[in-house]
Each structure stands twice: as C-alpha cells, then as structure tokens.
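Trainee: Counting in my numbering, the first sequence runs from 30 upward without gaps. We put the beta carbon where it would ideally sit given N, CA and C, even for glycine.
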Amino acid sequence: MKIATWNVNSMRVRLPHVRGWLAEQRPDVLGLQEIKMPTEDFPQADIEEAGYRSVAYGQRTYNGVALLSREEPADVGVGLPNFPDEQRRVIAATYGEVRIINLYVPNGQSVDSEKFVYKLAWLEALREYLAEQLEQYPQLAVMGDFNIAPDDRDVHDPDAWRGKVLCSDAEREHLQSLLSLGLTDVFRLFEQPEGTFSWWDYRAAAFRRKMGLRIDLILVSSKLASSCSASSVDIEPRKLERPSDHAPVFAVFE
DNA sequence: ATGGCGCGCGCAGCGCGA
30 MKIATWNVNS MRVRLPHVRG WLAEQRPDVL GLQEIKMPTE DFPQADIEEA GYRSVAYGQR
90 TYNGVALLSR EEPADVGVGL PNFPDEQRRV IAATYGEVRI INLYVPNGQS VDSEKFVYKL
150 AWLEALREYL AEQLEQYPQL AVMGDFNIAP DDRDVHDPDA WRGKVLCSDA EREHLQSLLS
210 LGLTDVFRLF EQPEGTFSWW DYRAAAFRRK MGLRIDLILV SSKLASSCSA SSVDIEPRKL
270 ERPSDHAPVF AVFE
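Right, here's the structure in full:
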C-alpha cells in the first residue's frame with residue numbers, strides 16, 4: 030500500500046498536477062490539503078477519470094481537505110469531534126483495515142498571534158482525537174500538512190528559524206506528544222538525503238536555493254511502522270509551471 | 001533577505017499562507 034500527502038494550494042489550479050502525479054505514482058490513497066473550494070465544487074469527475082474515488086471536505090477560499098483513493102472509502106469522518114470549528118481541516122476514512130486521517134494543521138501565523146493560540150488548542154484537541162482513534166484502529170496513519178518542522182534537520186537554516194512559528198518549542202512539544210501516543214514519523218525510519226524538505230517559499234527563489242522546511246508528515250501506528258518499506262518526498266512537482274509551494278510526501282507499506 | 005510570490009475574491013488591492 031502506498032499513501033501520500035500533498036498540500037496543493039488550490040485544487041482548481043493544481044488539478045493537472047494532481048492528475049499527472051496520480052498517473053505516474055499510482056498511490057492507493059492521496060490526502061490533499063488547501064483545496065480552497067467548497068465541497069460541491071470538488072472535481073470528482075476528473076478524479077474518477079484518473080481511476081480514483083474521492084471524498085472532500087471543503088470551503089470557499091480557505092483550507093479544505095480531500096482523500097483520493099483507488100478503493101472505496103468507508104466510515105468517512107470530518108473535523109475533530111471534540112473541537113467545533115468552521116475551518117475545514119480534517120477528513121478521515123478507512124480503506125480495508127487501514128484508517129487514514131488527513132490533516133491541515135493551522136499555520137499559526139506567528140508565535141505571538143491569536144492564530145498561534147488557536148493552533149495549540151487545535152493540536153491539543155487533535156491529540157485527544159488520535160488517542161481515541163488509535164484504540165479503535167490498530168492500523169492508523171495520520172498524514173498531512175502539520176505546519177511543524179519536527180527537528181532542526183528539517184529546517185534549511187535552524188538558527189534563523191529558531192523559536193519562530195513552525196519551529197517553536199511549543200509546537201515541537203505538541204508534535205512530540207502526538208508521537209508519544211505511539212506514532213512514528215515514517216520519513217525518519219530511512220536514511221534520507223540531507224536537506225530534504227517538503228515546502229519552499231514562493232519568494233526569494235527559495236526552491237532553487239534549497240531553502241525549505243519539512244512540515245508535511247506521515248505518522249503511523251506501530252503496527253503500520255513495522256511494515257513500512259519506504260518514505261520519500263517527491264520534489265519533481267515543485268519544478269513544474271505554477272507549482273504548489275509544497276511537494277508530495279509518500280510512504281509504502283508491505 | 002519577510003519584501004519579494006501565489007492563491008481567492010473580484011476587478012483593486014487586500015488577507016492569508018509558512
């Protein structure tokens with residue numbers, strides 16, 4: 030089974046990239062974030078032409094998530110059950126025995142903003158939800174745009190970013206508390222090239238200059254971790270015309 | 001190097017992202 034996550038920064042604009050990537054990589058499940066359109070506008074027919082089912086949880090202008098899959102999804106859930114929120118950031122579904130939760134974690138803007146307070150509260154509610162889901166689903170994958178770089182290795186210039194949003198101790202501690210539930214960041218199960226990132230600012234030629242962060246993650250339960258055979262970032266779509274600022278990240282399970 | 005870029009909205013220029 031191959032699963033992947035990709036913040037597409039507008040599904041309308043990125044539909045050709047998504048279709049191309051599905052055709053080339055053939056993931057079993059692809060989680061999308063920042064589709065930036067209402068659920069009813071999601072291009073389900075175009076995705077079906079590519080051989081994929083889809084479930085979306087979208088809204089106008091901001092946020093929005095979707096799950097594309099070769100198999101029919103079961104038990105679709107949206108949102109965090111313990112955190113009423115107008116912002117649409119979570120969609121979950123079960124494929125066979127595997128539960129997949131697709132996330133768009135709040136950005137947080139800056140560590141002294143109200144949005145940062147919201148981000149930390151959101152992460153606390155996420156931890157409670159994941160604790161409950163782990164009890165229910167031994168084979169659990171939680172993937173998406175976490176908007177947290179787990180470690181200095183995941184930051185092109187750790188000193189410049191130290192303490193800043195996406196890299197602060199408070200955010201990293203929240204991520205650690207998710208991992209403490211029994212989840213593993215599968216990317217780090219394997220030897221990786223130094224300076225592997227999943228997001229690069231559109232400004233300042235950040236991609237060309239390899240100035241990025243790894244903030245798109247795939248966390249899995251121990252049962253899935255033991256069967257994981259690969260995990261990588263595919264930076265090729267970031268080189269296309271009008272790219273998303275994020276690259277897809279995938280993991281393979283035997 | 002925070003400013004630049006790119007998105008939606010909507011038709012100018014702003015809010016937002018990370």
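Taking L59 as part of the beta strand (DSSP E), name the residues at either end of that continuous run.
Mentor: Here residue 59 refers to the residue found at position 30 when the first sequence is read from its first residue. Here the beta strand (DSSP E) through L59 covers V58 to Q62.
Trainee: Excluding sequence positions up to five away, which residues of its chain have a Cβ less than 7 Å from the Cβ of A178?
Mentor: Reading the first sequence from its first residue, position 149 is the one you call residue 178. Counting only Cβ-Cβ distances below 7 Å, and skipping sequence neighbours, we find V184, L195, C196, L242, R243 and I244.
Trainee: Excluding the 5 residues preceding and the 5 following W190 in the sequence, name in chain order all residues of the same chain whose CB lies nearer than 7 Å to its CB.
Mentor: The residue you call residue 190 lines up with position 161 of the first sequence. Here the set comprises V184 and C196.
Trainee: Closer than 8 Å is the cut-off here; do at least three beta carbon pairs connect the segment 37-55 with the segment 106-121?
Mentor: Output reads no: the segment 106-121 does not touch the segment 37-55.
Trainee: So, at 7 Å on beta carbons, what are the nonlocal neighbours of A276 in its own chain, with the 5 sequence-adjacent residues on each side left out?
Mentor: As a position in the first sequence, residue 276 is number 247, starting the count at 1. Cβ within range, chain order: S227, V262, D263, I264, P266 and R267.
Trainee: Tell me the rounded alpha-carbon separation between N176 and E157.
Mentor: Here residue 176 refers to the residue found at position 147 of the first sequence. Here residue 157 refers to the residue found at position 128 of the first sequence. Each residue's alpha carbon lies about 19 Å from the other.
Trainee: Straight-line CA distance for E292 to A33?
Mentor: In the structure as shown, the chain starts at 30 and stops at 283, and residue 292 therefore has no counterpart that could be examined.
Trainee: Would you identify the three-state DSSP class for D245, choosing helix, strand or coil?
Mentor: Looking up residue 245 in the first sequence gives position 216. Three-state DSSP puts D245 in a strand.
Trainee: Between M240 and the rest of its own chain, which residues show a CB-CB distance below 8 Å, the 5 nearest in sequence each way excluded?
Mentor: On the first sequence, position 211 is the one that residue 240 refers to. Excluding residues within five positions, the ones whose Cβ falls inside 8 Å are H185, D186, W229, D230 and A233.
Trainee: So, S258 versus V281, is the Cβ gap smaller than 8 Å?
Mentor: Locating residue 258 in the first sequence gives position 229, where the first residue counts as 1. Locating residue 281 in the first sequence gives position 252, where the first residue counts as 1. Cβ distance < 8 Å, so S258 and V281 count as in contact.
Trainee: Would L96 and G137 qualify as a contact pair, given that the criterion is a beta-carbon distance under 8 Å?
Mentor: Position 67 of the first sequence, counting from 1, holds the residue named residue 96. Position 108 of the first sequence, counting from 1, holds the residue named residue 137. The answer is no: Cβ separation not under 8 Å.
Trainee: Could you tell me which residues DSSP puts in a beta bridge with M172?
Mentor: The sequence position of residue 172 within the first sequence is 143, counting from 1. Answer by DSSP bridge pairing, in chain order: N131 and I247.
Trainee: My output table needs one value for L97: the three-state DSSP class, helix, strand or coil.
Mentor: As a working mapping, residue 97 is identified with position 68 in the first sequence. Looking at L97 - three-state DSSP - the assignment turns out to be strand.
Trainee: DSSP state of F216, grouped into three classes?
Mentor: In the first sequence, residue 216 corresponds to position 187, counting from 1. Helix at F216.
Trainee: Spatial neighbours of N38 within its chain, please: CB distance less than 8 Å, with the 5 preceding and 5 following residues excluded, ordered by chain position.
Mentor: Locating residue 38 in the first sequence gives position 9, where the first residue counts as 1. Cβ within range, chain order: E63, K65, S273, D274 and H275.
Trainee: Between which two residues does the beta strand (DSSP E) containing V262 stretch?
Mentor: Position 233 of the first sequence, counted from the first residue, corresponds to residue 262. Unbroken beta strand (DSSP E) run through V262: C257 to V262.
Trainee: What number of angstroms, rounded off, separates the C-alpha of I98 from the C-alpha of D198?
Mentor: Residue numbering aside, residue 98 sits at position 69 when the first sequence is read from its first letter. Residue numbering aside, residue 198 sits at position 169 when the first sequence is read from its first letter. According to the sequence provided, residue 98 is Ser. The question's Ile does not apply to it. Roughly 35 Å separates the two Cα atoms.
Trainee: Between the C-alpha atoms of I129 and V119, what's the straight-line distance to the nearest angstrom?
Mentor: If you number the first sequence from 1, residue 129 lands on position 100. If you number the first sequence from 1, residue 119 lands on position 90. Going from the Cα of I129 to the Cα of V119 covers about 11 Å.
Trainee: Since R82 sits in a beta bridge, which residues does DSSP pair it with?
Mentor: Residue 82 sits at position 53 when you count from the first residue of the first sequence. Per DSSP, S98.
Trainee: Mind checking which residues open and close the alpha helix (DSSP H) that includes K193?
Mentor: Taking the first residue of the first sequence as position 1, residue 193 is located at position 164. Neither: K193 is in no alpha helix (DSSP H) and is coded neither H nor E.
Trainee: Just how far apart, CA to CA, sit A52 and V107?
Mentor: The sequence position of residue 52 within the first sequence is 23, counting from 1. The sequence position of residue 107 within the first sequence is 78, counting from 1. Looking at the two C-alpha atoms, the distance is approximately 27 Å.
Trainee: What does a CB cutoff of less than 7 Å around L159 pick up in its chain, not counting 5 residues either side in sequence?
Mentor: In the first sequence, residue 159 corresponds to position 130, counting from 1. Same-chain partners within the cutoff: V171, L207 and L210.
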